[in-house]
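Worksheet: one structure, shown below.
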Amino acid sequence: MSLSSIVFSDSDFKLALYYVLYVIFFNAEQLYATGAKLLLFEEDIYDEFIKELKKREENIKVENGIE
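Our numbering puts the first residue of the sequence shown at 245, with every later residue one more than the last.
Below, the structure is given as structure tokens:
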């Protein structure tokens, strides 16, 4: 099962960013069902969403969870 992330132009922008990042990074994509497989956007928000997604992703610190 592969979950998709679909973002419409009338979506809550900040909430959509949060959930897209959550499904991409939660459990380091070791779950079979992940929303990182497909991202769909309405064309008018694509550039802004990807720009903000990259900015937020750069601030995520990924470490060894065992240590």
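We treat Cβ as the ideally placed atom computed from N, Cα and C, and that holds for glycine.
Looking from the CA of Tyr262, the closest CA among Glu301, Glu307 and Lys305 belongs to Glu301.
Val306 is classed as exposed because its beta carbon has fewer than 16 other beta carbons within 10 Å across all chains shown.
Inclusion of Glu296 and Ser253 in the CB contact set at 8 Å is not warranted, their separation being larger than that value.
Under the DSSP assignment, Ile250 falls in the beta strand (DSSP E) whose first and last residues are Ser248 to Val251.
Using a Cβ distance threshold of 8 Å, Val251 and Ile289 count as a contacting pair.
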